[in-house]
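J.: This is the structure I have questions about; it appears just below.
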Amino acid sequence: YVTFKRSYFTVIQAGSINFRVALDTASSDIWLVSSDCNSPACTLVPRYPLSYGSPTFGVLNSNTTVFQAQYADSTFVSGFVAKESFTLSSLTVPDQAFGIVKDSNVSLTNQISGILGLGFPRLSSIPTQSTNSTPFFARLAQEGLLEYPLFGLSLARNSSGSLTLVTGAVDSSVVTNVTNIGWNKVAQFSPFLLETNASRYLQWAIPLSGFSVNGSQFTPSPTYASVGQTHSLALFDVGAPGIYGPYQDVSRIYSLIEGSRLVDASGVWAIPCDTNVPMSFAFGSKNYTLLPTDYILGPAAGNPNLCLSWPRALPPSADGIDWQMGSAFLRTVYSIYSFGINGKEPPLIGLYSLHNETLVNSSPQDTNVILSFLSANSATIQTTLPNFLLPTPTFTTPPYTFNTSVPVTVGGIVTSGLANSTYSALFRDKTAIANTSAFPTITPAPLVTTLLVTNPAGDVSTSVSTHSIAAVTLGLPPGWSGADRQHLPSQYNKLLPAFAFIISLIALL
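In structure tokens, the structure reads:
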């Protein structure tokens, strides 16, 4: 019906070769398409050249360890597991297990060659027992390579789109008052039937405590309340373009927006383009507000007075995750993902609103601002809406995929799988920091610099300079002609000391 696509990518080095990889908080692994992948999805993007023989490449189990990953949209990648040295900004991690993709139907565009997952180890598609491996970010945390085991995401909506990833600290140019961060404990998940009999962390998911439209508040209706899942969980996923929720809640949101209607069985709603009411989601005790310019996608070409909108409704998911907060929500906050510390501190998600909540939550947005926004962003969606009302579909809820006999908690302290216990815990079992001065922050270099100069006559001149990201060659080893070369043994330098660093990424709008 209509495709909602958005990718944020960064450049990562595999050995000495640069690749664009999409950032994903809902998966854990690094994978790259390889020169052995000749499917249409692979051939148009830079591929990891297996014939090159990178000196830092490591063979695992004679390349017989299978790598497979499947996604909610029925796409997949498959191949084998190997090891390589990966560099992100100035941090190099040797012998990192990753997936070498030989077959895929994942749509890869804009020279993106794979994914960099930032999730928990339990999400990994790489078999731990046969590879003795740990996912990339979990390894940074477990080996104590960061100032603090967290990362922060700042998404900006502008003409090109941009994102700043800060690892090990929080971006102080965005978060000007750390006491205004709302902290939320991450939910644990019961084991799958074939897993050990203990709850562990799986997803960056926290309870959604409420939502509202123009001040009218609702309490979420968890899909699996009948099996003891009393929280409506929201997954924070930078790899998703929008906001998704269950039909039972999404329909209540649109019931308060006059003129809204379901326009597709896939859960898409349309609303009048001059809708001006705020929409809020509550996590913990804090509300986070979206204005129409945050949740409206754009007008339908065949019905220019009606705009497609977030959230979109989805059928029940067997993992019990009711909501998915993608970039449409994440652009309105600075989001922080604290990995947790073994035996000391649970994982937490911190949210810092980029809106003035007192102002935006209490008054409609100026309609002229909304229409100007839609015009400036050329947001028209090439579709024609049905000229009849669609009924809200009904679904059979699938069986819950986890073992309900094993209790789960939100924010439990565990003894393994998180950051190294040598870190000093800032939170312990709380959702507030007693000593905010100890919270790690970093200030990135500005991308735009404005210089004001006053001459002796008192005249003021202004100059603006933009600091661009250096161009790199993608998918090609330096000086390589493409000839086959034998693999060489891996040799590595010592790991870098713990620190915080910033990586700039790009959003493809």
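For the sequence shown, the working numbering assigns the number 60 to the initial residue and increments by one for each residue that follows. Virtual Cβ for every residue (Gly too), placed ideally from N, Cα, C. For clarity, every value in this text was computed on a predicted model and none was experimentally measured.
1) Please list, in chain order, all residues of the same chain as S192 whose beta carbon is under 6 Å from its beta carbon, the five residues on each side excluded.
2) Just to confirm my understanding: we take Q262, look at its own chain, exclude 5 residues before and 5 after, and list those with CB closer than 6 Å. What are they?
3) Whole-angstrom Cβ separation of V465 and S249, contact assumed at under 8 Å?
4) Counting only the same chain and skipping the five closest in sequence on each side, list residues whose C-beta sits under 6 Å from that of G318.
5) Taking only three categories from DSSP, how would you classify Y313?
6) Determine whether the beta carbon atoms of P208 and Y482 lie at a separation below 9 Å.
7) Pull up the DSSP beta-bridge partners for R320, would you.
8) From the DSSP output, read off the bridge partner residues of N243.
9) Following the continuous alpha helix (DSSP H) through N427, name the residue where it begins and the one where it ends.
10) Since I believe N335 is in contact with T426 (beta carbons under 8 Å), could you give me their beta-carbon distance rounded to a whole number of angstroms?
11) Leaving aside the five residues before and after P374 along the sequence, list all residues of the same chain whose C-beta is less than 6 Å from its C-beta, in chain order.
12) According to the Cβ coordinates, are L147 and I71 closer than 9 Å?
13) Throw me the rounded Cβ distance for the L292 and I380 pair, which I believe falls under 8 Å.
14) For C96, which of helix, strand or coil comes out of DSSP?
15) Could you tell me which residues DSSP pairs with L349 in its beta bridges?
16) Using three-state DSSP, classify R198 as helix, strand or coil.
17) Give me the DSSP bridge partner(s) of K142.
18) Under the rule that 16 or more other beta-carbon atoms within 10 Å means buried, what is F251, buried or exposed?
19) For Q307, which three-state DSSP category applies?
20) Could you please give me the residues that DSSP links to V469 through a beta bridge?
21) On the CB-based measure, 16 or more other CB atoms within 10 Å of its CB, does D132 come out buried or exposed?
22) Flag this pair as yes or no: are the beta carbons of P279 and S268 separated by less than 9 Å?
23) To the nearest whole angstrom, what separates the beta carbons of D95 and K142, a pair I think is in contact under 8 Å?
24) Is A438 helix, strand or coil when you go by DSSP?
25) Taking V286 as part of the alpha helix (DSSP H), name the residues at either end of that continuous run.
26) Based on DSSP bridge pairs, tell me the residues matched to N77.
27) Assuming A377 and P458 form a contact by the criterion Cβ under 8 Å, report the distance between their Cβ atoms to the nearest whole angstrom.
28) For Q127, which of helix, strand or coil comes out of DSSP?
29) Am I right that V152 and R198 are in contact with their C-beta atoms under 8 Å? What's the rounded C-beta distance?
30) Work out the CA separation of Y347 and S213 for me, nearest whole Å.
31) List the DSSP bridge partners of Q276.
32) In angstroms, rounded to a whole number, what distance separates the CA positions of K489 and K403?
33) Does DSSP put A377 in a helix, in a strand, or in coil?
34) When you compare each of V531, G357, K345 to V327 by their alpha carbons, which one comes out closest?
35) Would you decide whether Q383 is buried or exposed? Buried here means 16 or more other CB atoms lie within 10 Å of its CB.
36) Would you call the CB atoms of G575 and A246 closer than 9 Å?
T.: Short version:
1) Within the sequence shown, residue 192 is the residue found at index 133, counting from 1. Within the same chain, S192 has close Cβ partners A156, I185.
2) Here the question's residue 262 lines up with position 203 in the sequence shown. Result list for Q262: L294, in chain order.
3) Translated into positions along the sequence shown, residue 465 becomes position 406. Translated into positions along the sequence shown, residue 249 becomes position 190. The pair is a contact, with the Cβ atoms about 4 Å apart (cut-off 8 Å).
4) Position 259 of the sequence shown, counting from 1, holds the residue named residue 318. Result list for G318: P331, in chain order.
5) In the sequence shown, the residue the question calls residue 313 occupies position 254. Y313: helix per DSSP, three-state reduction.
6) Position 149 of the sequence shown, counted from the start, is the residue given in the question as residue 208. Position 423 of the sequence shown, counted from the start, is the residue given in the question as residue 482. Yes, the Cβ-Cβ distance between P208 and Y482 is below 9 Å.
7) By one-based count along the sequence shown, residue 320 stands at place 261. BP columns for R320 point to A329.
8) Counting from one through the sequence shown, the residue named residue 243 turns up at place 184. N243 pairs with I408.
9) The residue you call residue 427 lines up with position 368 of the sequence shown. Unbroken alpha helix (DSSP H) run through N427: 426–435.
10) Here residue 426 refers to the residue found at position 367 when the sequence shown is read from its first residue. Here residue 335 refers to the residue found at position 276 when the sequence shown is read from its first residue. That pair is a contact at about 5 Å.
11) As a working mapping, residue 374 is identified with position 315 in the sequence shown. Same-chain partners within the cutoff: F454.
12) Here residue 147 is taken as the residue at index 88 of the sequence shown, counted from 1. Here residue 71 is taken as the residue at index 12 of the sequence shown, counted from 1. Using a Cβ distance threshold of 9 Å, L147 and I71 count as a contacting pair.
13) Against the sequence shown, residue 292 aligns to sequence position 233. Against the sequence shown, residue 380 aligns to sequence position 321. With a Cβ gap of about 5 Å, L292 and I380 count as contacting.
14) As a first step, residue 96 is located in the sequence shown; it is residue number 37 there, counting from the start. Coil at C96, not helix or strand.
15) Indexing the sequence shown from 1 puts residue 349 at position 290. Bridge partners of L349: M338.
16) The count along the sequence shown starts at 1 and reaches residue 198 at position 139. Assignment of R198 by DSSP, reduced to helix, strand and coil, places it in the helix class.
17) Within the sequence shown, the letter at position 83 stands for residue 142. Here K142 is bridged, per DSSP, to G117, A156.
18) Along the sequence shown, read from residue 1 onward, the residue named residue 251 stands at position 192. Exposed, because fewer than 16 other Cβ atoms sit within 10 Å of the Cβ of F251.
19) What you label residue 307 is simply residue 248 of the sequence shown in a count that begins at 1. Looking at Q307 - three-state DSSP - the assignment turns out to be helix.
20) Locating residue 469 in the sequence shown gives position 410, where the first residue counts as 1. Beta-bridge analysis with DSSP links V469 to A246.
21) In the sequence shown, residue 132 corresponds to position 73, counting from 1. Exposed.
22) Counted from its first residue, the sequence shown places residue 279 at position 220. Counted from its first residue, the sequence shown places residue 268 at position 209. Contact: yes.
23) Against the sequence shown, residue 95 aligns to sequence position 36. Against the sequence shown, residue 142 aligns to sequence position 83. Not quite, the Cβ-Cβ distance comes to about 17 Å (not below 8 Å), so this is no contact.
24) Counting from 1 along the sequence shown, the entry for residue 438 is found at position 379. Here A438 sits in coil by DSSP.
25) Against the sequence shown, residue 286 aligns to sequence position 227. V286 -> no alpha helix (DSSP H), and no H or E assigned at all.
26) The residue given as residue 77 occupies position 18 in the sequence shown. Paired residue(s): Q72, L533.
27) Position 318 of the sequence shown, counted from the start, is the residue given in the question as residue 377. Position 399 of the sequence shown, counted from the start, is the residue given in the question as residue 458. Going by Cβ atoms, the distance from A377 to P458 rounds to 7 Å, so yes, they are a contact pair.
28) As a first step, residue 127 is located in the sequence shown; it is residue number 68 there, counting from the start. Here Q127 sits in strand by DSSP.
29) Numbered from its first residue, the sequence shown carries residue 152 at position 93. Numbered from its first residue, the sequence shown carries residue 198 at position 139. So it is a contact: roughly 6 Å between Cβ atoms.
30) Taking the first residue of the sequence shown as position 1, residue 213 is located at position 154. Taking the first residue of the sequence shown as position 1, residue 347 is located at position 288. Taking the straight line from one Cα to the other gives about 15 Å.
31) Taking the first residue of the sequence shown as 1, we reach residue 276 at position 217. In the DSSP output, where bridge partners are listed per residue, Q276 has S271.
32) Position 430 of the sequence shown, counted from the first residue, corresponds to residue 489. Position 344 of the sequence shown, counted from the first residue, corresponds to residue 403. Each residue's Cα considered, the two are about 11 Å apart.
33) Stepping through the sequence shown from its first residue, residue 377 is reached at position 318. Coil at A377, not helix or strand.
34) Counting from 1 along the sequence shown, the entry for residue 327 is found at position 268. Residue G357 is the option with its Cα nearest to V327.
35) Within the sequence shown, numbered from 1, the residue matching residue 383 stands at position 324. Here Q383 is buried. Its C-beta has 16 or more other C-beta atoms within 10 Å.
36) The question about residue 575 has no answer, for the chain in this structure spans 60 to 568.
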